[in-house]
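The next block holds one structure in the form of structure tokens; read it before the comments.
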Amino acid sequence: MKISRAIFSSLFASVLLLSCQQKQAEVSETDTTETEQLQQQEDLYIETTSTSLKPSQIELGQIIQSEIDSNSTDVGNSTQAGTTSQAESQQVAVSQAQIQQIISDLDAQQTNEGLQINLPESILFDFDKYDLRADAQPTLEKVSQLINYYQDAPVNIAGHTDSKGSDSYNQQLSEKRANAVKNALTSQFSIDSSRLKAQGFGESKPITTNTKSDGSDDPAGRQKNRRVEVVVKNKPIY
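Going by the numbering used here, the sequence shown opens with residue 112, and the numbers climb by one from there.
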């Protein structure tokens with residue numbers, strides 16, 4: 112009976128010891144698993160934080176390329192702006208050159224009133240007529256270009272005749288010729304009529320004599336007096 116108790120006590124102690132060891136192993140394994148999980152979370156946090164604070168080589172490459180592209184765009188825009196500015200300067204220069212050519216073609220002169228264009232009768236009208244000739248169009252087109260170039264400048268259109276005929280007849284003819292030029296500029300070349308003032312002066316303002324010094328007729332002089340003057344007010348020649 113005593114032996115059986117001793118054996119039983121020994122077996123019980125062995126079972127108890129084995130159970131304690133197993134629990135200790137389970138606790139140790141659990142601690143190890145939790146430690147590993149904590150370490151993984153710490154590693155993941157460090158990796159995530161490091162990635163956000165310190166770009167990778169790929170990200171650095173993208174940033175550098177973005178800066179290069181931005182600088183290239185700025186340089187391109189600057190170059191394009193310079194080219195545009197140069198083109199605009201050339202356009203202005205060409206425009207002034209064209210105006211200079213028109214001024215030369217029309218033999219325009221600078222006067223106290225402004226830029227004066229003298230249009231002889233032979234270019235605009237048949238003798239003693241006030242209907243514009245068909246071949247007057249190229250000359251009137253140049254006049255319209257000059258007027259448009261000076262934008263809002265007022266323009267005087269004055270009709271003149273020679274001394275042949277009565278004063279009243281010449282006055283009416285000069286007025287009709289001035290109005291014919293004004294109407295052509297407004298209807299055919301779209302000049303604002305409010306800028307144009309048409310007047311007739313008949314034979315009262317000749318630019319040369321109608322007769323020679325001996326009192327005889329001067330056909331060449333009278334032809335010069337038959338004219339329409341267009342004055343672009345107070346605009347200098349370039």
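Heads up, the beta-carbon is just placed ideally off N, CA and C, and yes, glycines get one too. Here the structure is a predicted model, which means the values were calculated and not measured.
Collapsing the DSSP output to three states places Gly311 in a strand.
Within its own chain, the residues whose Cβ lies closer than 6 Å to the Cβ of Asn290, once the five positions on either side in sequence are excluded, are Ala309, listed in chain order. In this structure Asn336 touches Thr319 by the C-beta definition: roughly 6 Å separates them, less than 8 Å.
Of the residues assessed, Ala245 falls on the exposed side of the cut-off, its CB having fewer than 16 other CB atoms within 10 angstroms.
If you keep only unbroken alpha helix (DSSP H) runs of at least 4 residues inside the stretch 260 to 286, you get nothing at all.
The way I'd put it, the stretch 297 to 317 doesn't touch the stretch 218 to 225; fewer than three beta-carbon pairs between them come closer than 8 Å.
In its chain, beyond the 5 residues on either side, Leu235, Phe236, Leu251, Ala291, Val292, Ala295 have a beta carbon closer than 8 Å to the beta carbon of Leu243.
Asn229 has Glu340 as its beta-bridge partners, per DSSP. Take the alpha-carbon of Gly332 and the one of Lys275: they are about 12 Å apart. With respect to Ile302, Leu257 sits apart: the two C-beta atoms are not nearer than 8 Å. With distances taken between CA atoms, Glu314 lies nearest to Asp278 out of Leu230, Ser305, Phe300, Asp278.
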